[in-house]
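Written out below as structure tokens is the structure these notes cover.
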Amino acid sequence: MTIPRLPVAPAPGNMFVDFEERVNFDRLRAYRIGRIQEALEQSELGAVLVFDNNNIRYLTGIAIGEWTREKLSRYAIYTRTGELILWDFGSAAVHNRMYAPWMKPENCLSSWTTMRGAVPPGDLMANAVREIKGRLEDAGVGGMPIGVDIVDLPMLTELGRQGIDVRDGQQTMLDARQIKNRDEITLLSMAASMVDGVYQDIVEALKPGVRENEIVALANKRLYEMGSDDVESINAVSGERCNPHPHNFSDRMIRPGDQAFFDIMHSFNGYRTCYYRTFAVGKSTQPQRDAYVRAREWMDVAIQAIKPGVSTSDVALLWPTAQEIGMNDEKEAFGLLFGHGLGLALHERPIISRLSSLDSPMQIQEGMVFALETYCPATDGVSAARIEEEVVVTADGCEVLTKFPADELFVTNKY
12 MTIPRLPVAP APGNMFVDFE ERVNFDRLRA YRIGRIQEAL EQSELGAVLV
62 FDNNNIRYLT GIAIGEWTRE KLSRYAIYTR TGELILWDFG SAAVHNRMYA
112 PWMKPENCLS SWTTMRGAVP PGDLMANAVR EIKGRLEDAG VGGMPIGVDI
162 VDLPMLTELG RQGIDVRDGQ QTMLDARQIK NRDEITLLSM AASMVDGVYQ
212 DIVEALKPGV RENEIVALAN KRLYEMGSDD VESINAVSGE RCNPHPHNFS
262 DRMIRPGDQA FFDIMHSFNG YRTCYYRTFA VGKSTQPQRD AYVRAREWMD
312 VAIQAIKPGV STSDVALLWP TAQEIGMNDE KEAFGLLFGH GLGLALHERP
362 IISRLSSLDS PMQIQEGMVF ALETYCPATD GVSAARIEEE VVVTADGCEV
412 LTKFPADELF VTNKY
């Protein structure tokens, strides 16, 4: 009997049910810890000390409000001897001891934090580092270098003062995070499926008289209704604002015949989207259609090239130079013809760009998930086409996660 294979990137319902396995969070946490253990063993580090919320979640499976993201008020260590300790914000540590049974209760602690300097450092940093240092020594890695991802200056200074050898830990974390397991891929696919639905709402609402910020509000509302845990950002760009790309939204009112593009960045259970679509409002012009065809061609040739063993430089060379899209150099064009890994962060490995990939190429591997972005300005001098597809690399190619139609320029509310 032939048994159908499991889909590479399913998008199941987001409830727990007893009749099918959807996301296995125990397996997800175990996989992520296994990945960082492997990365540590291949490094010279005794442990990683992480302050970035995405890295904390990758290690611990614990997340609290987005307000903490830039405060550097939470931190965690994972040692090559297998000790995982989280210093969380105040009473969140008590909550973690109660509701995170995969963590040792004695390793769920309240943090010492200056809230990025709002509290004078004083003895706080000395106390924090003394506690970290003691835990590292207890775990048997006290004399080894420690990898740190991001850190504020008082913490970095105090780590050095107490004799801790600090190295770059972000590269070790990215080494671990670059290959996704089936649960991560499923969560990324589920996040993308929510944006599929939001784009349907956008095309119905996109008509003259609506403002860019109203579309942003609509998308935020729908995503949170669907279960998004963080709408990180939404770009909404229309009319003469399309060229050059400003990477933002405004209160500009949509007009008949405008070209408009949107980028929806949100997360579901931490796993993120970066998902552009371009539309014409009511009608389209030949320059707009021509720009879209070119942007689509550049996208398709990249997708066709993606498979294990291909280099990021091979893909970058398939795209036009900065000068061919009206930019002075590759620094100005960075992010326009672009690829970037997706996971718990918006930008992970691999990065695909003429700015960096030609000098520092990286081999594409099965299990990577990344977004591919193209941009083509129109000959009318104001319009532009912007397309983005998210892909998961399979054994012999890739599968596209982003399903809202983008083969040709979509005209909304056509006259």
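In the numbering used here, the protein residues as written are 12 to 426.
Note that beta-carbon positions come from the ideal geometry of N, C-alpha and C, so glycine has one too.
Note that the structure is predicted; figures quoted are calculated from it, not measured.
(request) Check whether the Cβ atoms of E401 and Q189 sit closer than 8 Å, and answer yes or no. (result) no
(request) Please name the residue in S54, R40, L56 whose C-alpha comes closest to that of I67. (result) R40
(message) Tell me the rounded alpha-carbon separation between R172 and L135.
(response) A straight-line Cα-Cα distance of about 14 Å links R172 and L135.
(message) Let's see if you can read the secondary structure: which residues bound the alpha helix (DSSP H) around F36?
(response) 36-52
(message) Determine whether the beta carbon atoms of Q374 and G320 lie at a separation below 8 Å.
(response) yes
(request) Mark W98 as exposed unless 16 or more other C-beta atoms lie within 10 angstroms of its C-beta, in which case mark it buried. (result) buried
(message) Out of A87, S102, G354, R141, which one is the CA nearest neighbour of A202?
(response) G354
(request) Would you check if there are 3 or more beta carbon pairs closer than 8 Å linking the stretch 220-234 to the stretch 313-328? (result) No, they do not touch.
(message) What does the alpha-carbon distance come out to for the pair A271 and D207?
(response) 17 Å
(message) Quick check: the stretch 382-401 against the stretch 334-350, are at least 3 beta-carbon pairs closer than 8 Å?
(response) Segment contact: the stretch 334-350 against the stretch 382-401, three or more CB-CB distances shorter than 8 Å; contact assigned.
(request) Find out if the Cβ-Cβ distance for the pair P267, K294 is shorter than 8 Å. (result) yes
(message) Given this structure, state the Cα-to-Cα distance separating T197 from L328, to the nearest angstrom.
(response) 30 Å
(request) Helix, strand or coil for A74, going by three-state DSSP, please let me know. (result) coil
(request) For my contact list, G352 and V380 are in at a C-beta cut-off of 8 Å; report their separation, rounded to the angstrom. (result) 7 Å
(request) Please state whether DSSP places Y86 in a helix, a strand or coil. (result) strand
(request) Identify which residue in Y426, P18, D186, L83 has its Cα closest to the Cα of E52. (result) D186
(request) Have a look at M109 and N118 and give me their C-alpha separation to the nearest angstrom. (result) 12 Å
(request) Starting from the C-beta of C253, find all residues in its chain whose C-beta is less than 6 Å away, skip the five residues before and the five after it, and write them out in chain order. (result) Listed in chain order, the non-local C-beta contacts of C253 below 6 Å within the same chain comprise Q270, S394, A395, local neighbours out to five positions each way being set aside.
(request) Would you kindly check if the distance between the Cβ of T289 and the Cβ of L420 is under 8 Å? (result) Yes, they are a contact pair.
(message) According to DSSP, simplified to helix, strand and coil, what is Q270?
(response) strand
(request) Flag this pair as touching only if the stretch 174-183 and the stretch 153-164 have three or more C-beta atom pairs under 8 Å; answer yes or no. (result) Yes, since at least three Cβ pairs between the stretch 174-183 and the stretch 153-164 fall closer than 8 Å, the two stretches touch.
(message) Buried or exposed, going by whether 16 or more other CB atoms sit within 10 Å of the CB of D274?
(response) buried
(request) Report the three-state DSSP secondary structure of N280 (helix, strand or coil). (result) coil
(request) Give the secondary structure of L420 by DSSP, where H, G and I count as helix, E and B as strand, and everything else as coil. (result) coil
(message) Spatial neighbours of V140 within its chain, please: C-beta separation below 6 Å, excluding the five flanking residues on both sides.
(response) E169, L170, Q173
(request) Determine which residues share a DSSP beta bridge with I67 and list them. (result) Paired residues: none, contrary to the question.
(request) Give me the Cα-Cα distance between D78 and R263, rounded to the nearest whole angstrom. (result) The sequence shown places Trp at residue 78, not Asp. Their backbone Cα atoms lie some 28 Å apart in a straight line.
(message) By the DSSP assignment, the beta strand (DSSP E) with E400 in it spans what residues?
(response) 395-404
(request) Less than 8 Å between the CB atoms is what I'm expecting for A247 and V227, so what's the real figure, rounded? (result) 5 Å
(request) Run through the stretch 283-354 for me and flag every whole alpha helix (DSSP H) of 4 or more residues, listed as ranges in chain order. (result) 297-316, 323-327, 341-344
(request) Using a Cβ cut-off of 8 Å (strictly closer), state whether L198 contacts chain C. (result) Looking for chain C here will not work: only one protein chain is present.
(request) For N259, collect the residues of the same chain with a Cβ closer than 7 Å to its Cβ; drop the 5 residues on either side in sequence, then sort them by chain order. (result) N246
(request) Note down the Cα distance separating L412 from A344, rounded to an integer number of angstroms. (result) 25 Å
(message) Using 8 Å as the threshold, is the C-beta distance between T183 and A291 below it?
(response) no
(request) Using alpha carbons as the reference points, say which of L17, N64, P15 lies closest to A356. (result) Of L17, N64, P15, the residue nearest in Cα terms is N64.
(message) Whether or not the stretch 111-128 and the stretch 18-34 are in contact is what I'm after, with contact meaning three or more pairs of Cβ atoms, one per stretch, closer than 8 Å; do they touch?
(response) no
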